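Numbering (this note's numbering), first residue to last: 646 to 907.
Ideal Cβ positions, reconstructed from N, Cα and C, are used throughout, including at glycine.
Quantities reported herein were computed from a predicted structural model and do not represent experimental measurements.
For reference, the structure discussed in these notes is given below.
This is how it looks when you write it as structure tokens:
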């Protein structure tokens, strides 16, 4: 049976675009709803949210139970912190602020075992990742990299400058673009006369695709954003986030009620 990482890769290999939904609130029903709605994956944001390990665990289970893959954005490439999340059995991990190849190597090592191909530092204790012993335990322990996408987020001027070195790190599966933080980082280097953020984003997409890695971008919620992403060569992206959609719904409901009162 295919795991979530394999399903996403297969869809993108066939020319499809994998679409995800971001969750930041603790309620796991949101991830289940995303799967039921037809999203390919849930982007569990454990970086910019109050989600604790139990919350992340429940989101992973809810997403996968509803047929979606679960990608977790962690706070940093810290092996000790990552152990428990990896053992929960996500289909991918997104590492923020990858500025250089050393950080990318540490991220890959944190996801893999010492006797594997990437000189890993992960300890063995996969628990739910092997479905508590009811899953493909031997296959997982032999090659956990086949069950887990390792995504590096490029969101700094340094990350862009070092992109080729990052992409050359064995075990890196893809890149996720962080245009907001990238914009701030570029502005902080304005004395170097850098290219525009849009030009850098285009360049990142071009080089990632040329390297044969999976290119992901934030999509917002408009058709134009999705079209722009495809034009840049992106193969996956995040469309919608729980807090924003709830806020939009609240505004719409309140506006309708207010109009009826006037």
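Pairwise C-alpha distance: residue j and residue i
i, j, result
"residue 831", "residue 803", "9 Å"
"residue 713", "residue 837", "43 Å"
"residue 651", "residue 871", "23 Å"
"residue 796", "residue 885", "19 Å"
"residue 835", "residue 828", "11 Å"
"residue 694", "residue 874", "25 Å"
"residue 853", "residue 842", "16 Å"
"residue 720", "residue 761", "25 Å"
"residue 898", "residue 867", "21 Å"
"residue 823", "residue 755", "22 Å"
"residue 664", "residue 684", "6 Å"
C-beta contact flag for residue i and residue j at 8 Å
i, j, result
"residue 793", "residue 736", "yes"
"residue 680", "residue 722", "no"
"residue 691", "residue 717", "yes"
"residue 767", "residue 731", "yes"
"residue 666", "residue 880", "no"
"residue 820", "residue 882", "no"
"residue 769", "residue 751", "no"
"residue 763", "residue 753", "yes"
"residue 727", "residue 686", "no"
Extent of the continuous alpha helix (DSSP H) run through residue i
i, result
"residue 655", "649-658"
"residue 766", "Per DSSP, residue 766 belongs to no alpha helix (DSSP H) and is neither H nor E."
"residue 855", "842-855"
"residue 687", "No alpha helix (DSSP H) holds residue 687; the beta strand (DSSP E) holding it covers 686-690."
Span of the beta strand (DSSP E), counted from its first residue to its last, around residue i
i, result
"residue 795", "794-799"
"residue 663", "663-668"
"residue 860", "859-865"
"residue 831", "Note, residue 831: premise wrong, no beta strand (DSSP E); alpha helix (DSSP H) at 824-833."
Whole-Å CB distance - residue i paired with residue j, under 8 Å assumed
i, j, result
"residue 673", "residue 729", "Rounded, the Cβ-Cβ distance is 17 Å, inconsistent with contact."
"residue 811", "residue 743", "6 Å"
Q) At what residue ranges does the segment 709-755 contain a whole run of the alpha helix (DSSP H), taking only runs of 4 or more? A) 724-732
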